[in-house]
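K.L.:
Numbering (full-length UniProt numbering), first residue to last: 1 to 336. Cβ coordinates follow ideal geometry from the N, Cα and C atoms, glycine included.
Next comes the structure, spelled out in structure tokens:
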């Protein structure tokens with residue numbers, strides 16, 4: 001009888017999108033906020049992508065099943081996003097959108113693609129020259145300019161389906177995972193601003209442990225002349241994690257999960273948030289999914305402020321010249 005009662009109280013499965021910046025445990029905040037919605041049983045979040053400490057997300061995804069007591073009205077996506085954001089007000093995290101999904105949906109295993117951005121800052125001779133508000137949001141490789149054409153040549157070897165054993169770090173789960181992955185997109189593109197920013201954009205259905213950071217680190221080594229483009233092909237063919245050059249992996253600070261996309265039931269469209277992204281720091285507009293709670297704002301002219309969603313506030317002010325942001329998390333208003 002209790003099982004039947006619990007089944008009657010299930011109001012649905014929802015897909016959520018949310019950003020993560022300099023936040024060690026986003027699920028801790030989400031679990032706490034969800035508990036205040038008075039569910040009939042504890043709510044558990046299932047996240048789409050597990051990222052290393054120090055890695056950020058413009059729009060990570062998670063799903064949850066909500067059980068409400070019999071007689072309680074069902075949540076809509078808008079109501080769920082609004083309710084969670086109400087309880088997240090003191091915290092540095094917001095729900096970008098919430099939408100109902102089929103019962104068979106899983107945020108991790110149903111993803112059709114994941115896109116990462118890695119931000120590189122060039123033109124600095126020492127890490128102390130990195131603007132204070134860009135620290136932990138980019139990587140400034142030492143050694144002067146990078147040979148971008150050589151990096152792009154090397155990137156071509158990585159596109160398509162390969163055994164990426166050399167480009168993954170060993171972990172307890174590595175032995176059980178197939179090392180074969182398909183890179184659908186790998187671009188190296190310039191970013192605007194007072195300083196010289198470059199973005200490495202990588203898209204695949206799934207990635208191996210630290211695969212993106214190893215790829216970016218290897219491409220930077222090519223740009224610095226420490227590796228040739230042909231070395232990237234040789235590393236692929238070795239299929240051995242121990243063959244990866246020591247100390248070449250890129251740090252986590254410059255890495256952002258840009259978006260996670262899902263095929264809608266029946267193949268009629270795509271669920272996603274952030275797929276209309278333009279170039280970093282130029283007031284790009286991020287598309288909002290159904291049931292969203294507000295827009296996701298970016299500071300203009302190369303700044304790195306991130307809008308607070310659905311509240312009319314923002315998390316920072318763009319500095320003159322677009323070199324960073326003023327203000328602390330959750331304290332600034334109308335600053336982009």
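Please look up how many angstroms separate the CB atoms of residue 47 and residue 108, rounded, as I've assumed it's under 8 angstroms.
P.N.:
7 angstroms
K.L.:
With DSSP collapsed to three states, give me the class of residue 343.
P.N.:
Residue numbering for the chain in the displayed model covers 1 to 336; residue 343 lies beyond these limits and cannot be assessed.
K.L.:
Helix or strand or just coil, what does DSSP make of residue 190?
P.N.:
strand
K.L.:
Taking the alpha carbon of residue 120 as the reference point, which residue from 263, 264, 256 has its own alpha carbon closest?
P.N.:
256
K.L.:
I'd like the span of the beta strand (DSSP E) that includes residue 213, first residue to last.
P.N.:
Per DSSP, residue 213 belongs to no beta strand (DSSP E); it is in the alpha helix (DSSP H), 211 to 223.
K.L.:
Compute the beta-carbon to beta-carbon distance between residue 116 and residue 258, rounded to the nearest angstrom, for a pair I have assumed lies under 8 angstroms.
P.N.:
Contact between residue 116 and residue 258 holds, since their C-beta atoms are separated by about 6 angstroms, short of 8 angstroms.
K.L.:
Following the continuous beta strand (DSSP E) through residue 98, name the residue where it begins and the one where it ends.
P.N.:
97 to 101
K.L.:
Hey, is the stretch 45 to 61 in contact with the stretch 11 to 24, meaning 3+ C-beta pairs nearer than 8 angstroms?
P.N.:
yes
K.L.:
Report the three-state DSSP secondary structure of residue 85 (helix, strand or coil).
P.N.:
helix
K.L.:
Would you call the CB atoms of residue 179 and residue 163 closer than 7 angstroms?
P.N.:
yes
K.L.:
When DSSP labels each residue in this structure, what does residue 112 get in the three-state scheme?
P.N.:
Three-state DSSP puts residue 112 in a strand.
K.L.:
Apart from the five residues just before and just after residue 166, which ones in its own chain have a Cβ nearer than 7 angstroms to its Cβ?
P.N.:
235, 236, 238, 239, 240, 241, 243, 244
K.L.:
If you measure between the beta carbons of residue 187 and residue 204, is that distance less than 7 angstroms?
P.N.:
no
K.L.:
Relative to the C-alpha of residue 33, which residue among 52, 41, 89, 50 is closest?
P.N.:
89
K.L.:
Do residue 221 and residue 250 come within 7 angstroms of each other at the CB atom, strictly closer than that value?
P.N.:
Not in contact: residue 250 and residue 221 (Cβ atoms no closer than 7 angstroms).
K.L.:
Indicate the three-state DSSP secondary structure (helix, strand or coil) for residue 62 in the structure shown.
P.N.:
strand
K.L.:
Please report the straight-line C-alpha distance between residue 36 and residue 84, rounded to a whole angstrom.
P.N.:
8 angstroms
K.L.:
Looking at residue 68 and residue 261, is the spacing between their C-beta atoms short of 7 angstroms?
P.N.:
no
K.L.:
Report the CB separation of residue 66 from residue 102 in whole angstroms; it is logged as a contact under 8 angstroms.
P.N.:
Not really, about 15 angstroms apart at Cβ, beyond 8 angstroms.
K.L.:
When we look at the beta-carbon of residue 50 and count the other beta-carbons within 10 Å, is it buried (16 or more) or exposed?
P.N.:
exposed
K.L.:
Taking the beta strand (DSSP E) that residue 158 belongs to, which residues open and close that run?
P.N.:
It is not in any beta strand (DSSP E) - residue 158 instead sits in the alpha helix (DSSP H) that spans 148 to 158.
K.L.:
To the nearest angstrom, report how far apart residue 359 and residue 118 are at their CA atoms.
P.N.:
A question about residue 359 goes unanswered here, because the residues of the chain that appear run from 1 up to 336.
K.L.:
State the start and end residues of the unbroken beta strand (DSSP E) segment that holds residue 43.
P.N.:
Taken as a continuous stretch (DSSP letters only), residue 43 belongs to no beta strand (DSSP E), as it is neither H nor E.
K.L.:
If you reduce the DSSP assignment to three classes, tell me which class residue 241 lands in.
P.N.:
helix
K.L.:
Could you round the C-beta distance between residue 252 and residue 52 to whole angstroms and report it? I think they count as a contact, below 8 angstroms.
P.N.:
Right, the Cβ-Cβ distance comes to about 5 angstroms (below 8 angstroms), so this counts as a contact.
K.L.:
Looking at residue 105 and residue 13, is the spacing between their C-beta atoms short of 7 angstroms?
P.N.:
yes
K.L.:
According to the neighbour-count rule (16 or more other Cβ atoms, all chains shown, within 10 Å of its Cβ), is residue 226 buried or exposed?
P.N.:
exposed
K.L.:
Taking the beta carbon of residue 217 as the centre, do at least 16 other beta carbons fall within 10 Å, making it buried, or is it exposed?
P.N.:
buried
K.L.:
Residues in the same chain with beta-carbon distance under 6 angstroms from residue 138, minus the five sequence neighbours each way, listed in chain order, please.
P.N.:
119, 121, 254
K.L.:
Could you tell me which residues DSSP puts in a beta bridge with residue 255?
P.N.:
118
K.L.:
Quick check on DSSP: helix, strand or coil for residue 207?
P.N.:
coil
K.L.:
Assuming the contact rule is C-beta atoms closer than 8 angstroms, residue 190 and residue 93 should be a hit. Round their C-beta distance to whole Å, please.
P.N.:
About 30 angstroms; that fails the 8 angstroms criterion.
K.L.:
So, is residue 176 buried or exposed, given that buried needs 16 or more other C-beta atoms within 10 angstroms?
P.N.:
So residue 176 ends up on the exposed side.
K.L.:
Could you tell me whether the Cβ atoms of residue 154 and residue 80 are closer together than 7 angstroms?
P.N.:
no
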